[in-house]
Amino acid sequence: MIVGALPFTIVMVLMVIALSKALFRDGLREKAGNAILADAKI
Amino acid sequence: MQSAYRYTFLHFGFHAWAIYVTTGLALAYYAYTRDMPLTIRTALIPLFGKAPNGALGHLVDVLGVVATILGVSATIGFGVSQLVDGIYAVSGVEWLMNGDATAPKPSTVGLLAALFAIMSMSILSAISGVARGIKYLSNLNLVLSIILLITFVVFGSFLFSMTQFGLGLVDYILHFVQLSFHAYGPQSAENFSASLPTAMNSLPAEDIASIYSGATSAWGSLVIAVPNLIHLMLCEIP
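Chain order of the listed sequences is A and B.
For what it's worth, this note's numbering labels the leading residue of the first sequence as 2, then goes sequentially.
For what it's worth, this note's numbering labels the leading residue of the second sequence as 2, then goes sequentially.
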């Protein structure tokens with residue numbers, strides 16, 4: 002019975018990793034964007 | 002009592018909400034920040050690039066639909082039976098039950114009528130949108146919950162329930178990791194009967210079979226613990 006839930010568990014784990022990666026990259030983009038804006042002001 | 006609270010918290014506490022939040026947050030994030038469709042495959046794009054547009058995406062979406070169907074069917078299956086029991090307890094309408102006075106169970110007609118009523122309400126709620134049907138139902142649900150809580154506070158043993166609630170919550174947090182990784186394996190009927198408290202040994206075999214059935218069900222804590230908790234809350238504890 003527990004094995005039956007394995008495919009759904011795998012999808013959930015992948016979703017968590019994908020969301021973490023997307024949020025982390027958003028943070029990097031935001032930092033890079035702010036740096037570019039700061040350079041442009043100078 | 003401790004076990005009832007522990008498993009009720011496990012099934013309806015942080016563990017359950019973690020699953021809802023992960024799915025909801027992933028879908029909402031891609032839909033509202035990237036204008037992508039509200040599908041499970043969308044959530045995997047940062048990990049697999051364009052691969053979810055093909056067979057992998059179909060597989061993931063099919064799994065999502067199957068999980069939804071299984072979840073909804075279990076909820077509606079138990080909900081319909083409880084609804085019929087509840088309406089019969091309040092109204093005494095005979096045709097809802099099978100006519101067996103010693104062990105009344107919902108009749109097929111009663112179950113089908115309740116299923117039709119629930120499905121109609123849920124379809125109406127879904128097609129009317131979040132701003133109308135779902136909002137009204139959510140508000141009604143909240144108001145009824147508050148009325149139920151006030152009923153317990155006024156007519157039940159509120160101090161006892163709150164003490165148990167606090168103890169149960171602490172117990173749940175202390176056993177959080179252990180419960181998270183515990184693989185549930187139901188006991189055999191014989192072992193279950195042997196492990197019951199001695200005071201319960203005098204119960205008829207049908208009652209013990211009924212308790213075993215509830216305790217080994219995936220919805221065990223709901224079927225057994227919640228009615229017991231409600232009963233205890235409404236009864237004065239000496």
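We put the CB at the ideal spot given by N, CA and C, even for glycine.
This one's a predicted model, so the numbers in the text were calculated from it and none came from an experiment.
Below-8 Å beta-carbon distance, residue i vs any chain B residue
i	result
V17 of chain A	yes
A23 of chain A	yes
V12 of chain A	yes
Cβ of residue i within 8 Å of any chain A Cβ
i	result
V94 of chain B	no
S222 of chain B	A caution first: S222 of chain B carries a pLDDT of 48, below 50, which makes its placement in the model unreliable, though a value can still be read off. Not an interface residue.
P38 of chain B	no
L48 of chain B	yes
M61 of chain B	Sequence check: residue 61 of chain B is Val here, not Met. Chain A, which has a Cβ nearer than 8 Å to the Cβ of V61 of chain B, makes this yes.
I41 of chain B	yes
L26 of chain B	yes
Cα-Cα separation, residue i to residue j
i	j	result
S181 of chain B	G25 of chain B	21 Å
T43 of chain B	S21 of chain A	14 Å
D27 of chain A	L11 of chain B	33 Å
I77 of chain B	L116 of chain B	8 Å
G72 of chain B	G34 of chain A	43 Å
Q188 of chain B	T34 of chain B	48 Å
I238 of chain B	R133 of chain B	At I238 of chain B the pLDDT is 45, less than 50, meaning the model places this residue with poor confidence and gives no usable figure here.
I46 of chain B	A127 of chain B	28 Å
Y213 of chain B	K32 of chain A	58 Å
F1 of chain A	L7 of chain A	It is not possible to answer for residue 1 of chain A, since the shown part of chain A is limited to 2 through 43.
A216 of chain B	I18 of chain A	35 Å
Q179 of chain B	V110 of chain B	44 Å
Bridge partner(s) assigned by DSSP for residue i
i	result
P105 of chain B	According to DSSP, P105 of chain B bridges with nothing at all.
M98 of chain B	B:P107
Residue i: CB within 7 Å of a non-hydrogen atom of the ligand SAM
i	result
M122 of chain B	In the structure on display, the ligand SAM does not appear, and there are no ligands present to speak of.
*In the region 161–184 of chain B, which residues sit with their C-beta less than 8 Å from some C-beta in chain A, listed in chain order?*
A184
*Does the region 6–19 of chain A touch the region 135–150 of chain B, meaning 3 or more C-beta pairs lie closer than 8 Å?*
no
*Which of the residues in the region 75–99 of chain B, read from start to end, lie with their CB under 7 Å from any CB of chain A?*
none
*Return the residues of the region 5–29 of chain B that lie within a Cβ-Cβ distance of less than 8 Å from chain A, sorted by chain order.*
I20, T23, T24, L26, A27
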